[in-house]
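Residue numbers for the first sequence follow this note's numbering, beginning at 5 and rising by one. Reviewing the structure listed below.
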Amino acid sequence: MPELPEVETVRRGLHDLILKRRVASVWHDNPKSFPNAEHDVAGFLIDSEIIDVRRRAKILLIDLSTDYTLVIHLKMTGQLVFVADTVRFGAGHPNDSLVHALPDKSTHVSFEFKDGSHLYFNDQRKFGWVKLIPTLEVPDIDFMKKVGPEPLEADFTASEFAARFARRSKTSIKAALLDQTVVAGVGNIYADESLWGARIHPKRLVSSITKKEFEDLYTDLREVMNLAIAKGGSSNHTYINAEGKKGSYMDFARVFRREGLECPRCGTTIIKFRAAGRGTHICPNCQKI
DNA sequence: CACTTGACCTGTCCGC
DNA sequence: TGCGGACAGGTCAAGT
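Listed below in structure tokens is the structure:
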């Protein structure tokens, strides 16, 4: 599900909602969703206090006062939703946008805090996971060692962006954009949206992309991701933020999931096909091979 | 090493 | 209404 803007939206919400709360208990129903040693849970999660909520690429990092960290990947359908009160729902309640109370059948991990509030990890497809790891060991995780730079960092430049693609020169630009070791956090939505912005066909070989095109792609990727964060991310039927609310970026999408509609730049009908193994949307007039 | 494909799961939608 | 197949915002382990 979530790409960088959605994970960042969840991070910001969690930061406001769970900082300084103390963990009372944890429940799970699936070892793949929560594959942690019992003695670590008992010794370093229970009774710990949330001291920070960070993000790297599409991974959330919830730091605990015990020098352990909850490392969380939402994959396709994961959600982290904070619920202050599981009893009363309805108009005016902070979670009134939820169509039903949590936990539900997709809840696979649940944290209860000392004040009675809960953090639910819901995951329809069970690809996501929550791992409890010593904070100092987080950088040693294989993914963390190989993941590329954060594209929205102020000191990340267009020339650095272009240089990252060097070792993926024989694949398509879309496959390379989706490769987390090239640049962190890009997924299917923002790959299509940024390629449309830069007028690049997703099947173009990386080796054929000009310096100017890399500069345009860099600029548009940052613009589109910053806009998406400002709009609270993109929501399909599975994505909601930490308060249970949907994001509105899809109201601003130019090509993603808009096949059959007009290109907002030239009016040509947007088409969908497969590229890099993923559903891919382009304007066939603006983006040519 | 670089690249592509299948697998991991569950739910939904679309055509017969 | 039922059934089969494709597909869904991600990544990893295999295969070539």
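Ideal placement from N, C-alpha and C gives every residue a C-beta, glycine not left out. These numbers were taken from a predicted model, which means no experiment stands behind them.
Using only the alpha-carbon positions, how far apart do residue i and residue j sit?
i	j	result
Ser114	Trp200	40 Å
Phe218	Asp89	48 Å
Asp224	Ala195	10 Å
Lys79	Leu181	17 Å
Asn126	Glu164	37 Å
Leu8	Leu140	23 Å
Asp56	Pro138	14 Å
Thr273	Ala280	22 Å
Met148	Arg59	11 Å
Gly271	Arg261	16 Å
Ser198	Ala234	16 Å
Arg172	Asn40	35 Å
Using three-state DSSP, classify residue i as helix, strand or coil.
i	result
Ser176	strand
Asp127	strand
Glu53	strand
His205	coil
Lys150	helix
Val113	strand
Leu199	helix
Leu213	The sequence given here places Ile at residue 213; Leu does not occur at that position. Coil, per DSSP.
Give the single residue among the options whose Cα lies nearest to the Cα of residue i.
i	options	result
Val27	Ala41, Val11, Ile50, Glu154	Ile50
Tyr243	Asp144, Arg129, Asp44, Leu74	Arg129
Asp159	Tyr222, Val142, Lys149	Tyr222
Arg269	Pro153, Thr185, Ile286	Ile286
Pro85	Arg262, Ser110, Val259	Checking the sequence, you will find Val at residue 85 rather than Pro. For the residues Arg262, Ser110, Val259, the minimum Cα distance to Val85 belongs to Ser110.
Pro155	Ser176, Phe147, Leu140, Gln184	Gln184
Val3	Lys135, Leu136, Asn289, Leu21	Absent from the structure is residue 3, since the part of the chain shown begins at 5 and ends at 293.
Lys174	Arg208, Arg262, Asp108, Ala202	Arg208
Ile293	Ile145, Val134, Ile213	Ile213
Asp146	Ala257, Val87, Ile63	Ile63
Thr70	Ala41, Asp255, Glu53, Ala170	Glu53
Lys36	Gly236, Phe131, Asp144	Phe131
Arg25	Phe38, Val11, Asp119, Asp108	Asp119
Lys249	Phe277, Gly237, Glu157, Asp255	Gly237
Val190	Val228, Ala170, His122	Val228
Just checking my contact of residue i with residue j at CB under 8 Å: how many whole Å lie between their CB atoms?
i	j	result
Val300	Ala61	Lying outside 5 to 293, the shown extent of the chain, residue 300 is not represented and no answer is given.
Leu74	Val134	6 Å
Arg203	Gln291	6 Å
Compute every distance between the C-beta of residue i and the non-hydrogen atoms of the ligand FMN, then say whether any falls below 7 Å.
i	result
Ala166	Among the ligands in the structure shown, none appear at all, so the ligand FMN cannot be discussed.
Quiz prompt | beta strand (DSSP E) segments (min. 3 residues) lying fully within the region 256 to 283 | solution = 275 to 279
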